[in-house]
Every structure is written in C-alpha cells, then in structure tokens.
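Contents: one structure, followed by commentary.
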Amino acid sequence: MKTDIQIAQEAKMKPIMEIAKDVGINEDEVELYGKYKAKIDLSIWDRLKDKKEGKLVLVTAINPTPAGEGKSTTTVGLGQALARLGKKSAIALREPSLGPVFGVKGGAAGGGYAQVVPMEDINLHFTGDMHAITAANNLLSAAIDNHITQGNSLGIDMRQIVWKRVMDMNDRALREVVVGLGGKANGFVRQDGFMITVASEIMAILCLATDLKDLKERLSRIIIGYNYDDKPVTAGDLKVHGAMALLLKDAIKPNLVQTLENTPAFIHGGPFANIAHGCNSIMATKLGLKLVDYLVTEAGFGADLGAEKFMDIKCRYAGISPSAVVIVATIRALKMHGGVKKTELATENVPAMEKGFDNLRKHIENIKKFGVPAIVAINRFVTDTDAEIARLLELCRMEGVEASLCEVWEKGGEGGEELAAKVIEACEKESNFKFMYDVNESIKEKIGKIAKEIYGAKGVVYTAKAEKEIKRLEDLGLDKYPICMAKTQYSLSDNPELIGRPEGFDITVKEVRVSAGAGFIVALTGDIMVMPGLPKVPAAEKIDIDENGVITGLF
C-alpha cells in the first residue's frame, strides 16, 4: 500500500495559474510562489465585493480518539466529490505547523487519495506565513523588554507581563525560561516562556482580520500585560503595531494550492483549536465563497470545540453562516468511545458501537441547536463489518439525520459522491442559523450556556483566580467579547478520561484571559499545553531527503 507522500508525489498537478484561472482569479491578482503555490493579492476584493456568495459547508467531527476520524481527509474528498458532480467547488483549510509535523501528529494535508498538494511544501515552510507570525510576535516581545530597559515610561509591571515568545517547533525546554541574564547590558531579569507559533494571539488575529486596516487595529489592541496601576498596556502603547503589520503584509494574503484532483484549495492560517478558535482565515473563507458555488471548510477537533467556535466566533466576525454541517465519525472511534481498547478495534462489536454512538448523538443535537442541517459522514475502514455499518446507519436515521459511507481515502472524490449529493440536498433546506449566546451577556452567562448546552455539563465551577480575573475584565469593560473555551478535545467534559457522553459533571474554569486583539475571552479548563514536547520517538527520526531531493517519511 502506498504512503500518503508517495501518492502525493505521483500527483498530476496543474500549474497554479491554471487553477487560479479555473476558479475565476485574474492573472494580475496572483502572486506566484513557484509553479504550484500562490498568494492572492488583496486587490481582488475590489472586483469581487458585490458578487453573491456561494454555499458554505462546515466539516466537523466527534471527539477525537487514537483510532482516528479523518476530518481533513473528508473535507478534501468532499470538495473533490462536489466537483465530480459538476459543482464549482473549493476547499478552505488551516496551515500545518512544523511542531506536529516533526512530533507526533505528522502532516495535516488530508490522506490517501484525498490530499492537498504539493504536500511537502504545505507541511513545511509553505509560503512563509508561520515565520512572519513568529517574527511579528517576537518583535513585540523584544519591544517589551527594550521598553523596560530604556526607562519603562509606561510603568509596565514585570510581574504582570502576559505576552510570551513563540517558535514553530515543539520544544518543552522552552516552556518556562528566564530572560535578561548576564548583567546590566542585557536588560532586567524576569521569568518568561515560549509557546508554539500557532498558539500566538497574532495567529488568531490574522485569521479573524477582514483586511490590512483591521489587522493593524487588532494588533494595536493586544494586551501585553499591566502597569503598576493594574491598567492594561497594549502593543499600540508600545508603538510597534505598525511594524508588526508590515511583517504580516504578505502573510495576510490567502494561499492557493490544489487537491489531487485539481480542486482549488485555500490554505491560510492555523490557530490552535484549544486556546484559540481553530479555523482557517476569514479572508480565505470569504474569498472562496465569492469564487465558487460550494466552499467546504473545517474546524479543529470535535464539534464541541471547533464547530462551536466556528459558529460563535468566526461566523459572528465574518458575517457568514454554514448552509450545512458534516459530522465525521468512524466505527473504530465510536467503539473506542464505547469502551473498546485500540488493540481490539478490528473485532466486530455492535453493542460497543451503540454505546459510543452517544458521543455522536450529542454532536448531532448540538449542530441542530445552531439551526443548521447536519449530515453524518461515516469514514469507512476495512475492518468495519456489514452489521456495524447497518446499525450505525439505522441509529443516524433514528436521530433524523442523513448519513453516508465515505471512502474518499481509498477512492478520492469518487468515494464521496453519495455524501456530496446529500450535502447539496441539505444546502437547499432552510437554515435557521443562530448563535449560542449574545455577546452582551455576562462572561459567566456565556460560559454557562456553552458548558450546559454544548458539553452537557451540570454546572460551572470557578476558581478564586478565575473569579478575580472575570471581575477585572468587567471593570475594564472587556467583557463583551465572544467566549473561546480552552478545553481538552478528547471529552465533552474537561476531563480527557470521560469519553462517550458523560453526564452529571461540572466544568471547572481555572483562569480567564482576554485576547483583546483577536476579540475573544479565553476560559481555561483542565491542562492545555501551549508548547508541546516531542515524543520519545519523534516523527522527525523517520523523515529524510535523498541526494535527488526525494522526501520520505513525511506522512
């Protein structure tokens, strides 16, 4: 069986200029990054601003398990399948981070015969967006320490600096560091730390900005810490937001590539789905909607995190709403949610799958709460039995949702034609899209609605620290933002061990922070890692390149 990278390397790619023309982008709006990658110049908005938008399809999933769900693969395959049915379609995905590529997860460009290409470039440096975000983030870090060294006229309290440095690599040794060692010439000693680039607020800002002006204004609002009077100090106060925007002048432009079947793919931005909103950029999504009839996009992790944030944060700021939502599930993953060990997934177990279906059932219920039609995509594995498939289809029918077997990993777009037909049908239904909460409600009211309605929690418990932080945000008038819940992806609860559909639990909010530039309030639950570490045997050990430039082991 061929590996994903072998399949990708055998792809018959079209020159990216040809893809651009096919999707309705003019030659003078394309900035080439080699033969198969391009950025789209922002001047395109003047031409397309009054054009009607196409249908938006969101792909989400059940809570992820080690068995795998295949959300990105389904997204790519669905886009290809829609094109096979004669629809003008495109996909919009997040950019992969180098940390996971060389760590545990591997690449993030789909799989099998449902991939975006050139896969190697997309998973590595791509068009340099990650490096630009890293540079902008660390320019602000440098400005903070320099300002303090040069007299600290803003009165920055070094004990209350919340801004971290970043790098696009998993390096646990940098989670907690001390900077400024080495005497007077090197500034003041203080405790600091690093996050991975995708966890930077600048990544979230890039993905929520609607143009360059909006980007710069959002950058100016970033709170780097507080002064001795407990008032926020911003990047605008440090007067570096203009320079940060300059570093991002190319990164803000959406990237265009293609799938294995030459379907246009906009890959732009990649915020963490835990501590940020986990969706690709608004600009790429809206551009796709102006150019095609059906744009397929995804949101990170399960629907309790990614889909909720897509609806309540991204759709709110972008002024968009999905016409249909696809919930990806596998029989393997449902059996794990039903208590089956990973080593026993190949054995037929209908009762365990039925028990695990409770997790999928909750996600179906949640999507219905947003007023959007839902379709279940059953990402098929060779170990799935006829009895398991029949029962899962029956369970979906009992919930009043369409379900479709999806074989895009093995067959590409052909394996997703039935799913695509059901998506087209769902998009014609009336969508009564609504948000889960009003942003003008109190912080606790907003958190409570997410916890109870989406997670199924009994209630919310706040630590003394969280209570204090909520009061501070209320006093500062920074409480009328959407909520971005930082929670484990593995469970509907904040305990990763509680799989399936747990009940009777409380959500414990440990900290509350504001990302004023991005425009959301982060409520932290559990232990969320913002700087991952490498595993005992990192993926990097298997990745290589030979004397002819052929890459192996990437995915």
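At position 348 of the sequence shown the residue is numbered 348 (our numbering), and the sequence of numbers has no breaks.
Just so it is clear, CB atoms sit at the ideal spot from N, CA and C, and this is done for glycine as well.
DSSP three-state assignment for residue i, whether helix, strand or coil
i, result
"K434", "coil"
"E445", "helix"
"I62", "coil"
"P232", "strand"
"A346", "coil"
"T149", "helix"
"A251", "coil"
"E547", "coil"
"P264", "strand"
"F357", "helix"
"G278", "coil"
"M311", "helix"
"R47", "helix"
"K542", "helix"
"Y481", "coil"
"Y294", "strand"
Element boundaries [alpha helix (DSSP H), containing residue i]
i, result
"A273", "From DSSP, A273 is part of no alpha helix (DSSP H); its letter is neither H nor E."
"M203", "E201 to L208"
"V423", "E417 to C427"
"Y317", "C315 to A318"
"T74", "K71 to R84"
"L476", "A464 to L476"
"S491", "Per DSSP, S491 belongs to no alpha helix (DSSP H) and is neither H nor E."
"E217", "L212 to S220"
Run of the beta strand (DSSP E) containing residue i, from where it starts to where it stops
i, result
"E388", "Taken as a continuous stretch (DSSP letters only), E388 belongs to no beta strand (DSSP E), being part of the alpha helix (DSSP H) at D386 to M398."
"N227", "I223 to N227"
"M557", "The structure shown does not extend to residue 557, since the chain spans only 1 to 555, so no value can be given for it."
"R501", "Segment: none, R501 is in no beta strand (DSSP E) and carries neither H nor E."
"I375", "A374 to N379"
"M195", "F194 to I196"
"F102", "Unbroken run through F102 is the alpha helix (DSSP H), L98 to F102; no beta strand (DSSP E)."
"Q115", "A114 to V117"
"I327", "A324 to A329"
"A8", "Here A8 belongs to no beta strand (DSSP E); instead the alpha helix (DSSP H) covers D4 to Q9."
Pairwise C-alpha distance: residue j and residue i
i, j, result
"G242", "A136", "10 Å"
"A387", "R380", "13 Å"
"P373", "D293", "18 Å"
"N255", "A61", "25 Å"
"Q160", "N152", "14 Å"
"T525", "I483", "13 Å"
"L56", "C406", "20 Å"
"Y228", "T149", "16 Å"
"V59", "D384", "22 Å"
"D544", "D168", "19 Å"
"D312", "A199", "19 Å"
"V162", "G500", "36 Å"
"Y33", "V509", "44 Å"
"V30", "I40", "5 Å"
"V325", "N63", "16 Å"
"L206", "V350", "45 Å"
"S72", "D157", "43 Å"
"I222", "V514", "9 Å"
"Q115", "D237", "44 Å"
"K12", "G112", "15 Å"
"F272", "R94", "10 Å"
"R172", "S493", "26 Å"
Counted within 10 angstroms of its Cβ, other Cβ atoms place residue i as buried (16 or more) or exposed
i, result
"N366", "buried"
"M398", "exposed"
"D129", "buried"
"T347", "exposed"
"V522", "buried"
"N146", "exposed"
"V550", "exposed"
"D50", "exposed"
"H363", "buried"
"K444", "buried"
"T552", "exposed"
"N359", "buried"
Proximity test, residue i beta-carbon vs the ligand PLP heavy atom, cut-off 8 Å
i, result
"E414", "Looking at this structure, you won't find the ligand PLP or any other ligand, since it has none at all."
Any C-beta of chain D under 9 Å from that of residue i
i, result
"N227", "Chain labels in this structure do not include chain D; a single protein chain is all it has."
Next item on the list: Evaluate the contact criterion for the segment 452-472 versus the segment 111-130: three or more CB pairs, one atom per stretch, below 8 Å.
Entry: no
Notebook entry, point to check: If we count Cβ pairs, one from each stretch, closer than 8 Å, do we get three or more for the segment 13-23 versus the segment 250-264?
Noted result: Touching, yes, given that three or more Cβ pairs across the two stretches are closer than 8 Å.
Checklist line | Contact the segment 336-356 vs the segment 307-319: 3+ CB pairs below 8 Å | finding: no
Margin query: Using a Cβ distance threshold of 8 Å, determine whether the segment 218-232 contacts the segment 73-87, with at least three qualifying pairs required.
Written below: no
Notebook entry, point to check: At a cut of 8 Å, does the segment 407-414 reach the segment 436-449 through at least three beta carbon pairs?
Noted result: Taking 8 Å as the limit for Cβ pairs, the verdict is that the segment 436-449 does not touch the segment 407-414.
Note to self: Quick test of the definition: if touching needs 3 or more C-beta pairs under 8 Å, does the segment 206-214 touch the segment 280-294?
What the structure shows: Contact between the segment 206-214 and the segment 280-294 is established, with three or more Cβ pairs separated by less than 8 Å.
Notebook entry, point to check: Taking contact to mean at least 3 C-beta pairs separated by less than 8 Å, is the segment 191-198 in contact with the segment 214-223?
Noted result: no
Notebook entry, point to check: Given 8 Å as the limit, is there contact between the segment 86-104 and the segment 1-20, that is, 3 or more CB pairs closer than that?
Noted result: By the Cβ criterion, the segment 86-104 is not in contact with the segment 1-20, since fewer than three pairs of Cβ atoms, one from each stretch, lie closer than 8 Å.
Next item on the list: Determine, using beta-carbon pairs with one atom in the segment 470-489 and one in the segment 330-347, whether at least three such pairs fall under 8 Å.
Entry: Taking 8 Å as the limit for Cβ pairs, the verdict is that the segment 330-347 does not touch the segment 470-489.
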